[in-house]
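Here the structure is laid out as structure tokens; the discussion comes afterwards.
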Amino acid sequence: MLINKFDTHCSNDTHGCYQILLANKIEVKKFVKIIPSELKDFYRDIDQLQGALSKASENMFAISPMLEEVELHNEGVVGIVYEYIDHKYFEVGRTDINSIIQAIGKLHLVYSSSSANLTRFQSISRKNGELLNQKLVNLYQDFPNNIEIPKDIIEFIGNNSDSYINYYDKSLNDSEDCSMVHGDLNFGNIIFDTNNPALPIILDFEDSLISWLPQNTDVATIIQRFLLSDNQKDLKLRERICNLLTEYDKITNNSAFTSLDELWDTLRFLSLRALGRLCINVIEGIPIQRTELSKFVQLHTEAGSLQETYS
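With the numbering used here applied, the sequence shown covers 1148 to 1458.
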């Protein structure tokens, strides 16, 4: 059923999806993302990319397809509507995290394939990703002190700018290890159909067209968000991480990290990359809450603590 216009309201749930109540009073659940009208072409590209990925998934992951664009009462924005799926999010101790890492391994194989359907998107990702990577390096090389960032955050950035630049020179600058990656594998972007809880459904591929990075950055994000988030810093954590990396290696026939030290370095890099992107938003006039900035400082600190404990 096509929806031409939302005549009533949208209400958020805790993960940024919406429930739509149609004008005819029939309640229909949809996933919808509200975007500026000028981004419609970008999201059409995302839809085509998702279609190509879905065909190559080999039932190791699923993707919720875009259904349509809809008009909204707010001028200058449109709604991107996706099929609603009765779902659950990852639950520590109840959801098989191996299925997530296996899905990402398969996704990486598809991303790095020579599929003609992906050639254009790989080109877009490389161009946009390299521009963003260089923009972040320039930021860390000459960080402006006159922007609305708390002084302690600026001091933290100054103390860690060299490590970001060194990571770029070693792992990103003209590196053959870089490719298109998902780039935003947070807790809300992987769901599980309640009717098929073993199959991860991957959402939000927007960052794929700006993320030209080593594929192990996606793996590190999974470890950070889905394994370390439960705060179970016990003696088995190192074993759990290694088991997860082994599952990834089985799918890709490639080791994500040569050592745990490389993993900790990647976790720190990702924290600085996210922090730098937030600072760029501030420079461009987009207000950012201090808690968001502090979150990535904490994640960076935690990676150092993990290295001291488990390497």
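Glycine included, C-beta positions come from ideal geometry on N, C-alpha and C.
**Report entry** CA nearest to the CA of residue 1216, picked from 1207, 1210 and 1227
**Finding:** With distances taken between Cα atoms, residue 1216 lies closest to 1227.
Query - 8 Å contact criterion, which residue 1457 and residue 1384 should meet: CB distance rounded - result: With 8 Å as the limit, residue 1457 and residue 1384 qualify as a contact, their Cβ atoms being about 6 Å apart.
**Report entry** CB of residue 1345 within 7 Å of CB of residue 1246, strictly
**Finding:** Taking 7 Å as the cut-off, the beta carbon of residue 1345 is found closer than this to the beta carbon of residue 1246.
Query raised in the report: Just to confirm, are residue 1336 and residue 1350 a CB contact at a threshold of 7 Å?
Result: Closer than 7 Å, so yes.
Query raised in the report: Residue range of the beta strand (DSSP E) that residue 1345 falls in?
Result: For residue 1345, the enclosing beta strand (DSSP E) has its first and last residue at 1343-1349.
Query - The alpha helix (DSSP H) enclosing residue 1239, as first and last residue numbers - result: Taken as a continuous stretch (DSSP letters only), residue 1239 belongs to no alpha helix (DSSP H), as it is neither H nor E.
Requested in this report: Using DSSP bridges, identify the partner residues of residue 1389.
Outcome: Note: residue 1389 sits in no beta bridge, so no partner.
Query - Anticipated Cβ contact below 8 Å, residue 1370 with residue 1251, distance rounded - result: About 11 Å separates the beta carbons of residue 1370 and residue 1251, which is beyond the 8 Å limit, so they are not a contact pair.
Query - residue 1327 and residue 1262 closer than 7 Å at C-beta - result: The answer is no: Cβ separation not under 7 Å.
Query raised in the report: If you check the beta carbons only, do residue 1235 and residue 1341 fall under 7 Å apart?
Result: Going by C-beta atoms, residue 1235 is nearer than 7 Å to residue 1341.
Report task. For residue 1203, I'd like the list of residues in its chain whose CB is within less than 6 Å of its CB, leaving aside the five on either flank, ordered along the chain. Result -> Setting aside the 5 residues that flank it on each side, residue 1203 is surrounded in the same chain by 1257, each with a C-beta closer than 6 Å to its C-beta; the list follows chain order.
Query - Own chain residues within Cβ distance below 8 Å of residue 1308, not counting five before or after - result: Excluding the 5 residues flanking it on each side, residue 1308 has same chain C-beta neighbours closer than 8 Å at 1287, 1288 and 1290, in chain order.
Requested in this report: Taking only the alpha-carbon atoms, compute the straight-line gap between residue 1284 and residue 1310 and give it to the nearest angstrom.
Outcome: Distance between the alpha carbons of residue 1284 and residue 1310: 11 Å.
Requested in this report: Starting from the Cα of residue 1322, find the closest Cα among 1276, 1302 and 1367 and give me that residue.
Outcome: Answer by Cα proximity: 1276.
Query raised in the report: Exposed or buried, residue 1338, counting other C-beta atoms within 10 Å across all chains shown (16 or more means buried)?
Result: So residue 1338 ends up on the buried side.
**Report entry** Under 7 Å between C-beta atoms of residue 1357 and residue 1446
**Finding:** Contact: no.
Query - With 16 other Cβ atoms within 10 Å as the buried cut-off, status of residue 1316 - result: Counting of Cβ neighbours within 10 angstroms places residue 1316 among the exposed residues, the total staying below 16.
Requested in this report: Name the residue from 1454, 1411 and 1423 whose alpha carbon lies nearest to the alpha carbon of residue 1294.
Outcome: Ranking 1454, 1411 and 1423 by Cα distance to residue 1294 puts 1423 first.
Requested in this report: Could you pull the start and end residues of the alpha helix (DSSP H) that residue 1451 belongs to?
Outcome: That run of the alpha helix (DSSP H) goes 1437-1457.
Query raised in the report: What residue from 1410, 1330 and 1343 has the CA that sits closest to residue 1355's CA?
Result: Closest option to residue 1355, Cα to Cα, is 1330.
Query raised in the report: Run through DSSP, which three-state label would residue 1160 get?
Result: With a pLDDT of 38 at residue 1160, under the threshold of 50, the predicted position of this residue should be treated as unreliable, though the coordinate-derived value follows. Correct three-state label for residue 1160: coil.
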